[in-house]
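Protein chains in written order, with the working numbering: chain A, 1 to 879; chain B, 1001 to 1128.
Cβ atoms here follow ideal geometry from the backbone N, Cα and C, with glycine treated the same way.
Accompanying notes for the structure given below.
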Amino acid sequence: MTFADCRQLVVVGGGMVAHRLVEALVDRGAVAEGGWQVTVLAEEPRAPYDRVALTSYFSGRDPDDLSLGQPGLWDTPGVQLRRGEAVTAIDRDARRVTTSAGREVGYDALVLATGSSAFVPPVGGRDLSGCFVYRTVDDVAALRQFVADAAARLQGRRTPRRVVGAVVGGGLLGLEAAGALTALGVDTHVVEFAPRLMPLQVDEGGGEALARLVGALGVQVHAGTATARLTAGRDGRVARMHAAEGSAAGLDHLDVDVVVFAAGVRPRDELARACGLAVGPRGGIAVDTTCRTEDPAIWAVGEVASVAGRTYGLVAPGYTMAEIVADRLLGGAAEFPDPDLSTKLKLLGVDVASFGDAFGTAPGALSVVYGDPVAGVYKKLVLSDDARTLLGGILVGDAGAYAALRPMVGRELGGDPAAWLLPEGAEGGPVTAGLPDDAAVCSCNNVSAGAIRDAVRCDGCTDLGAVKACTRAGTSCGSCLPLVKKLVGTELEAAGVAVSTALCEHFDVSRAQLFDIVRVTGISSFSELVDRYGRGRGCDICKPVVASVLASLDGRHVLDGERATLQDTNDHVMANIQKDGTYSVVPRIPGGEVTPEGLIAIGEVARDFGLYTKITGGQRIDLFGARVELLPAIWQRLVDAGFESGHAYGKALRTVKSCVGSTWCRYGVQDSVALAVALELRYRGLRSPHKIKLGVSGCARECAEARGKDVGVIATDKGWNLYVGGNGGFTPRHARLLAEDLDTATLVRTIDRFLVYYVRTADRLQRTAPWLEEIEGGLDHVRAVVLDDSLGIAADLDAAMAAHVEGYTDEWRATLEDPEKLRRFASFVNAPDSPDPSLAYVVERGQPRPMTADERADDATGRSGAVLVAGPRLEVLHP
Amino acid sequence: MTTLAPSADADPDASPWTPVCAVADLQPERGVAALVDGRQVALFRLFDGSVHAVGHRDPFSAAYVIARGIVGTRGEVPTVASPMYKQVFDLRTGVCLDAPDDAAVRLPVHAVRLREGLVEVGPPLASR
Chain A
1 MTFADCRQLV
11 VVGGGMVAHR
21 LVEALVDRGA
31 VAEGGWQVTV
41 LAEEPRAPYD
51 RVALTSYFSG
61 RDPDDLSLGQ
71 PGLWDTPGVQ
81 LRRGEAVTAI
91 DRDARRVTTS
101 AGREVGYDAL
111 VLATGSSAFV
121 PPVGGRDLSG
131 CFVYRTVDDV
141 AALRQFVADA
151 AARLQGRRTP
161 RRVVGAVVGG
171 GLLGLEAAGA
181 LTALGVDTHV
191 VEFAPRLMPL
201 QVDEGGGEAL
211 ARLVGALGVQ
221 VHAGTATARL
231 TAGRDGRVAR
241 MHAAEGSAAG
251 LDHLDVDVVV
261 FAAGVRPRDE
271 LARACGLAVG
281 PRGGIAVDTT
291 CRTEDPAIWA
301 VGEVASVAGR
311 TYGLVAPGYT
321 MAEIVADRLL
331 GGAAEFPDPD
341 LSTKLKLLGV
351 DVASFGDAFG
361 TAPGALSVVY
371 GDPVAGVYKK
381 LVLSDDARTL
391 LGGILVGDAG
401 AYAALRPMVG
411 RELGGDPAAW
421 LLPEGAEGGP
431 VTAGLPDDAA
441 VCSCNNVSAG
451 AIRDAVRCDG
461 CTDLGAVKAC
471 TRAGTSCGSC
481 LPLVKKLVGT
491 ELEAAGVAVS
501 TALCEHFDVS
511 RAQLFDIVRV
521 TGISSFSELV
531 DRYGRGRGCD
541 ICKPVVASVL
551 ASLDGRHVLD
561 GERATLQDTN
571 DHVMANIQKD
581 GTYSVVPRIP
591 GGEVTPEGLI
601 AIGEVARDFG
611 LYTKITGGQR
621 IDLFGARVEL
631 LPAIWQRLVD
641 AGFESGHAYG
651 KALRTVKSCV
661 GSTWCRYGVQ
671 DSVALAVALE
681 LRYRGLRSPH
691 KIKLGVSGCA
701 RECAEARGKD
711 VGVIATDKGW
721 NLYVGGNGGF
731 TPRHARLLAE
741 DLDTATLVRT
751 IDRFLVYYVR
761 TADRLQRTAP
771 WLEEIEGGLD
781 HVRAVVLDDS
791 LGIAADLDAA
801 MAAHVEGYTD
811 EWRATLEDPE
821 KLRRFASFVN
831 APDSPDPSLA
841 YVVERGQPRP
851 MTADERADDA
861 TGRSGAVLVA
871 GPRLEVLHP
Chain B
1001 MTTLAPSADA
1011 DPDASPWTPV
1021 CAVADLQPER
1031 GVAALVDGRQ
1041 VALFRLFDGS
1051 VHAVGHRDPF
1061 SAAYVIARGI
1071 VGTRGEVPTV
1081 ASPMYKQVFD
1091 LRTGVCLDAP
1101 DDAAVRLPVH
1111 AVRLREGLVE
1121 VGPPLASR
């Protein structure tokens, strides 16, 4: 799309900072008629992604999970992203760039956001096969493939061994890379030239604690060691790393299969140099504090920019630069402030945080240090000379206090600073209330405590998700989320806005609390429950919740006695209501596996009752247009043919979708169908806060789309990987990895516990993804509960699932055997078999469908050839 | 469709009351549909034993489903929630509590009386 009367902005580079720049311009309405038209020229073949989270790609995430911000940014009219098209030259006089595709693009303003490249030290053999850098999704993918091939090769030897890898560089990036290698099953060494790990962020004490923690994870650290050269083995691949003489630990060499260079980055300033722009003293395009180069039409942002002689390798200052340029392009006056270089990372599972004046360089600065060598914790606060004002700090091993401490930099801590360093207790309480409005809570996106409070007070945000969407707080690295959550909670409480977890006007408690009440008291009827713990006679919100809780706890039939009055119409007639008031019927087809006889039986039922048939997304068959009075007859036929309820109508287990698996597929490594059938038969009938879907894929190709399910299982050559918290729908989520390479028994036990824990603690209509987000401690907490029994409830969870499996009966079969229950399926109490006279259908593509309102109007005036349907058998007339 | 007299007084020859079922056939707080002079009516017996009759047609979806809604209370008002899009109606007046001023989405209300253990439904009452 082309706007008239627009100035052209060309952005060179498609990284995180470029993304932020475009987002800022779009947000501020600058991309419009009469404003700017934006072209982003990106070298990588994909849209900007979250490079900070690159390592998570190793723990099973795919590149799509790394996407940034709101989807759709790149579809904004006036914004064009050209992927895989690098800029090769800049003609400053003509204000024009030339691209690798041979295209010429003119600009009114040019922003250089080319980032940096991995620095590879000039050692011999650095180009050997098996040497990698750690910078892009493609780097990571290539490394992953190489390690997988090497592992296969070494396993196949007469004396099998694990892959050995070395990471050159023990800074942030180096430890990230070491974490990635470890996750791939590589025996990992880290070689760092400086005398400690992370020399830029932590001091000697922190470095020691870090080395101990990292060492305990099986990573060998060689600090004070320089790499001299690399040599190849007979196969031409890298085989040995030689240390320089005089290295601290006396290391001579390491025999390795793979080497990753993570020894820092260099700004990619070649384009600027080639067109004569000035560069900084240590590289990078020289810009002033407005991020403008000496050419007024050209700007530079992110890692490639040298602001006042200094480059920045963190994303937060880059984002700040992007906001400054957006502001300046709109005629604003923003300038680059003293950047916040605080860092908090989880490297190899070890928390490391460094903020403010971490090294105590201010005159008279005092340090308070807490160290626990056994627990592997090192914490240091740097304070002003009167020991009152916080200047900075370092946290290794336990960075829980980071979110609360970082915004306090430059402020008086109050009380005894040492209290912040002791284990537990440091996270937040008093500080949240006292946090000044201008304190930056999210440093990645520069969101202040005041902005978060405003989001609640003025913009009407009532939960963490809304505040995140409104302010962008916590949407980059996420380290501030605990603090944001506390601020939001405090603010909501202060505003008297319902932090209320009340279910509805009849119950003041949440679903989870109600579940516990019923579990502990053993109450088994709604009337007793609402008498003792609620008020009134309930509503369409609390009654189905109570029905579901009772079903989870005692497994009685959904239509037993008073239970029947609690059910939504779907559960009441055990079918799914459709727009004309008829229902659809879905027999269970476990794992999507069905015999020809089964298919024929379903087909005959559909034909004989005039039902519209459609294949569902859950690999079964939906039969539409069943009138309430015909449901028992339809189900009698289905039950006689060996089918049972599919619970498509319930907040319950729906389906376990599977691919065909190793039985037939040439790529499958496990029998996914057999597992899916077993899981579906195990969990069928399980009532839950919302519907539950499972998927099982027989190999990493993931044809069952298991990661789009609440519980996804993907076969590996060693067992099964288990993912949780996925869903499709309005807010699609990919499931996240819970555990790897489980054997079948452990897998089933883990899913058992996960499901029961979810059923007990989730909110009403809360699927597993938001539940995992909301529950205190998130996925890590749930993992600890189901795998390590951190709450001591595993035996109880196991027993609950065993009781469910033991107590399962097909509720449709039970209904057909009970004349009292069958009485519910009357169309009219005084004419039980008369069809609803308002129903009318037409035939489309050979099947019936409800008449539209227009067709009904035509029909009333006798102009259409539509048919009214009355008997159990549809008379199909072609209009 | 049969045209009913607007009120019982206007047609004194025919009995305006149609017996539809035994009171015992109505489970408290679970509705049933009935055919009354060609009209579809939703009947509800409440927890306190009272019986109410309103139109079975849901004005929001135009489907005949009101009897299949969940019965409850809002404050002191006895209610039914449409099973289609969950709007809530006052069972005594037919007023949609989510749009109380919109006469187009009001359910017709029928008189009901209990005689010798039977539920009898009258024609729709003129809306007030």
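- Annotated three-state conformation of M801 (chain A) is helix, per DSSP.
- Non-local C-beta neighbours of V756 (chain A) in its own chain, meaning closer than 6 Å and more than five positions away in sequence, comprise L797, A800 and M801, ordered along the chain.
- Each of A:D580, A:L383 and A:S524 was checked against the Cα of L553 (chain A), and the nearest Cα belongs to A:S524.
- Closest by C-alpha distance to A109 (chain A), out of A:L330, A:L675 and A:A148, is A:L330.
- DSSP, read as helix, strand or coil, puts V1041 (chain B) in strand.
- Against chain A, a Cβ distance below 9 Å from L1043 (chain B) picks out V829.
- One thing to note: L514 (chain A) has its Cβ within 8 Å of the Cβ of V549 (chain A).
- Contact check for V12 (chain A) against V137 (chain A) fails: the beta carbons are separated by 8 Å or more.
- Ranked by how close their Cα comes to the Cα of V1077 (chain B), the residues B:M1084, B:V1088 and B:W1017 have B:V1088 in first place.
- Nearest to G264 (chain A) by C-alpha distance, out of A:G302, A:W36, A:V168 and A:Q619, is A:V168.
- For V605 (chain A), the three-state secondary structure derived from DSSP is helix.
- Here L599 (chain A) is exposed. Its C-beta has fewer than 16 other C-beta atoms within 10 Å.
- Around Y1064 (chain B), the beta-carbon contacts reaching into chain A at under 8 Å are G581, D836 and S838.
- Comparing alpha carbon positions, the residue from A:P122, A:R157 and A:A177 closest to A141 (chain A) is A:A177.
- Annotation: R535 (chain A) is outside any beta strand (DSSP E) and is labelled neither H nor E by DSSP.
- G618 (chain A) is bridged by DSSP to nothing; it lacks a bridge partner.
- Contact with chain B is absent for A502 (chain A), since none of that chain's Cβ atoms lies less than 8 Å from the residue's Cβ.
- Taking the CA atoms as reference points, V202 (chain A) sits about 28 Å from G15 (chain A).
- Think of a sphere of 8 Å around the beta carbon of F1089 (chain B): no beta carbon from chain A falls inside it, the nearest being about 11 Å out.
- For C458 (chain A), no CB of chain B lies under 8 Å from its own CB, so it is not counted at the interface with that chain.
- K543 (chain A) has a beta carbon lying within less than 8 Å of a beta carbon in chain B.
- Ranked by how close their Cα comes to the Cα of H222 (chain A), the residues A:A194, A:A762 and A:G125 have A:A194 in first place.
- Straight-line spacing of the CA atoms in V573 (chain A) and Y649 (chain A) works out to 9 Å.
- With a threshold of 8 Å between beta carbons, P1124 (chain B) makes no contact with chain A.
- Contacts with chain B (Cβ-Cβ distance below 7 Å) from the region 520-540 of chain A involve G536, R537, G538, C539 and D540, listed in chain order.
- One Cα belongs to I602 (chain A), the other to V163 (chain A), and the distance between them is close to 54 Å.
- One alpha carbon belongs to L722 (chain A), the other to L791 (chain A), and they sit about 21 Å apart.
- Scanning chain B for C-beta atoms nearer than 9 Å to the C-beta of T565 (chain A) yields Q1027, P1028, E1029, R1030, I1070 and V1071, reported in chain order.
- Per DSSP, reduced to three states, the secondary structure at A1081 (chain B) is strand.
- At a cut-off of 8 Å between C-beta atoms, P1083 (chain B) counts as an interface residue with respect to chain A.
- Think of a sphere of 8 Å around the beta carbon of I577 (chain A): the chain B residues whose beta carbon falls inside it are V1065, R1068, P1083 and M1084, in chain order.
- The region 336-419 of chain A contains, as complete beta strand (DSSP E) runs of 3+ residues, the segments 343-347, 350-356, 366-372, 377-383 and 390-396 (chain order).
- Taking C-alpha positions only, G284 (chain A) is separated from R95 (chain A) by approximately 21 Å.
- Distance from the Cα of G34 (chain A) is smallest, within the candidate group A:G522, A:G78, A:A24 and A:Y49, for A:G78.
- Under the Cβ criterion of 8 Å, F1047 (chain B) is counted among the residues facing chain A.
- For W635 (chain A), DSSP assigns no beta-bridge partner whatsoever.
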